[in-house]
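A.B. asks: So that we are looking at the same thing, I have put the structure below in structure tokens.
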Amino acid sequence: MTKFPFTNLRDEIETLTKTYRESSTLRPEVLFRDFLPTGYRFTTLTSVDGRFVDLAIFAKVHLGMIVTLYDDLADHPRYYNPELLQHLYKLNVGIDHVPARSLALQDQKVFNLARYLFQRLALLLQHFPHHKELFPVLRFDLEQFYISNKYSELMTKFPAVRNLTESRLLGPYNMGMVAAGTMDLMASSGFDSRELGTCREIFILGQRAGRISNLLFTLRREISEGDLTNEILMTSSENYQNPLHQEFADILTKLQNQGIQTFSTAQYATGLQALNQLHQNLEGQI
């Protein structure tokens, strides 16, 4: 196994942020240096081996950067680039791709950044005890994110296709939180594979909670950018945010009552609440 030179988490994230922004400056540094690592720390499963906590957070920051990069190319009107995304969708963890034809200079920079993030992510995951058995699961999780991102592409190109049912079904996978949960399981020495299905049900609930926070606290920015993919914009109800708050609270209550051995769902719910507050605190900054 390749030895990964990991020293200080903050320094590593600072360096990675600079690398990201050399190819894409659309999103502010605070998103990568503060929001992503803090949010991932809040929601890291209690089952993650103490030796791997910082490494797991760093791996998930790579994931968050991939999600951000692809998302902006799908739903930001000025950066919309379906041609580049067709190449990017061929990348996955442990799966490389080289375009058959040359890309435009800026597109090549973005593509190289995505390749770099995936290659580094694969190296990081090799340190975790359950990485081999869960690699196929993580690849599937990323494919689900791709489907969600493709739906964002479709809504950007054909706004009339937007509807609340599909947005609620596909939109949460844009958060990548099921994938993040799978990565945490890779780093969990005591993980019992018999609970994998139940764990994934919990991650899906958590992902919806994270999506609700994102919908509520990025709405103004998305409107200013001309991004019309926010679920809130697909309803005629002026009070749609109220049932979202209630849905969020209901999810946390449901998580409190889940009984599994692998990790504490009560602590996971507490982490989602902290993530929601972080979203609110950084509203207008990310």
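Each residue of the sequence shown is one higher than the one before, starting from 167 at the first, in this note's numbering. Don't be surprised by glycine CBs; every beta carbon is placed ideally from N, CA and C.
1) So, does the CB of Leu-381 fall closer than 7 Å to a CB anywhere in chain D?
2) How many angstroms separate the CA atom of Met-321 from the CA atom of His-253?
3) Please look up how many angstroms separate the CB atoms of Cys-365 and Gly-347, rounded, as I've assumed it's under 8 Å.
4) Quick one: what's got a C-beta closer than 7 Å to Phe-369's C-beta in the same chain, skipping five residues either side?
5) What residue ranges within the region 169-201 form continuous alpha helix (DSSP H) runs of no fewer than 4 residues, ordered along the chain?
6) If we call anything under 7 Å between Cβ atoms a contact, is His-297 one with Phe-357?
7) Measuring only the C-alpha atoms, how far is Val-221 from Glu-180?
8) So the candidates are Leu-394, Tyr-186 and Arg-217; which of them puts its Cα closest to the Cα of Thr-173?
9) Between Leu-120 and Arg-281, which are expected to be in contact by the criterion C-beta below 8 Å, what is the C-beta distance as a whole number of angstroms?
10) Under 7 Å between the Cβ atoms of Asn-396 and Leu-381?
11) Considering Cα atoms alone, identify which of Ser-402, Pro-203 and Asp-350 is closest to Ser-430.
12) With DSSP as the reference, please indicate the residues paired to Asn-247 in a beta bridge.
13) Candidates Lys-184, Ser-213, Val-196 and Phe-224: which alpha carbon is nearest Leu-175's?
14) Answer with buried or exposed for Pro-243, where buried requires no fewer than 16 other C-beta atoms within 10 angstroms of its C-beta.
15) Mapping DSSP to helix, strand and coil, what is Ile-313?
16) Within 10 angstroms of the Cβ of Gln-373, are there 16 or more other Cβ atoms? Answer buried if so, exposed if not.
17) Would you list the residues sitting across from Leu-261 in a DSSP beta bridge?
18) From which residue to which residue does the alpha helix (DSSP H) around Gly-120 run?
19) Give me the Cα-Cα distance between Val-214 and Tyr-339, rounded to the nearest whole angstrom.
20) Would you mind stating whether Arg-377 and Met-400 have Cβ atoms separated by less than 7 Å?
21) Does DSSP put Gly-450 in a helix, in a strand, or in coil?
22) Ends of the alpha helix (DSSP H) at Tyr-282?
23) Go through its chain and collect everything with a Cβ distance to Leu-211's Cβ below 6 Å, but skip five positions before and after it.
C.D. replies: Judging by the given coordinates:
1) In the structure shown, chain D does not exist; there is a single protein chain.
2) If you take the alpha carbons of Met-321 and His-253, they lie about 20 Å apart.
3) Indeed, because the Cβ distance is near 7 Å, the residues count as touching under 8 Å.
4) Spatial neighbours of Phe-369 in its own chain (CB-CB distance under 7 Å, excluding positions within 5 residues in sequence) are listed in chain order as Met-343, Val-344 and Gly-347.
5) Entirely contained in the region 169-201, the alpha helix (DSSP H) runs reaching 4 residues are, in chain order, 175-189.
6) For the 7 Å CB-CB criterion, His-297 and Phe-357 do not form a contact.
7) Reading the sequence as shown, one finds Leu at residue 221 and not Val. Rounded to whole angstroms, Leu-221 to Glu-180 spans 15 Å at the Cα level.
8) Of Leu-394, Tyr-186 and Arg-217, the residue nearest in Cα terms is Arg-217.
9) One cannot answer for residue 120 here, as it falls past the ends of the chain, which runs 167 to 452.
10) For the 7 Å CB-CB criterion, Asn-396 and Leu-381 form a contact.
11) Here the closest residue by C-alpha is Asp-350.
12) For Asn-247, DSSP assigns no beta-bridge partner whatsoever.
13) Out of Lys-184, Ser-213, Val-196 and Phe-224, Phe-224 has the C-alpha closest to the C-alpha of Leu-175.
14) So Pro-243 counts as exposed.
15) Three-state DSSP puts Ile-313 in a helix.
16) Burial of Gln-373 is indicated by the presence of at least 16 other C-beta atoms within 10 angstroms of its C-beta.
17) Just to set this straight, residue 261 is Ile in the shown sequence, not Leu. DSSP lists Asn-258 as partners of Ile-261.
18) For the chain, the structure presents residues 167 to 452; residue 120 sits outside this window and is missing.
19) The straight-line gap from Cα to Cα measures roughly 22 Å.
20) No, the pair does not count as a contact, with Cβ atoms beyond the cut-off.
21) Coil.
22) The continuous alpha helix (DSSP H) containing Tyr-282 extends over residues 271-291.
23) Close CB contacts of Leu-211 within its chain, under the 6 Å cut and outside five residues either way in sequence, are with Asp-350 and Phe-429 (chain order).
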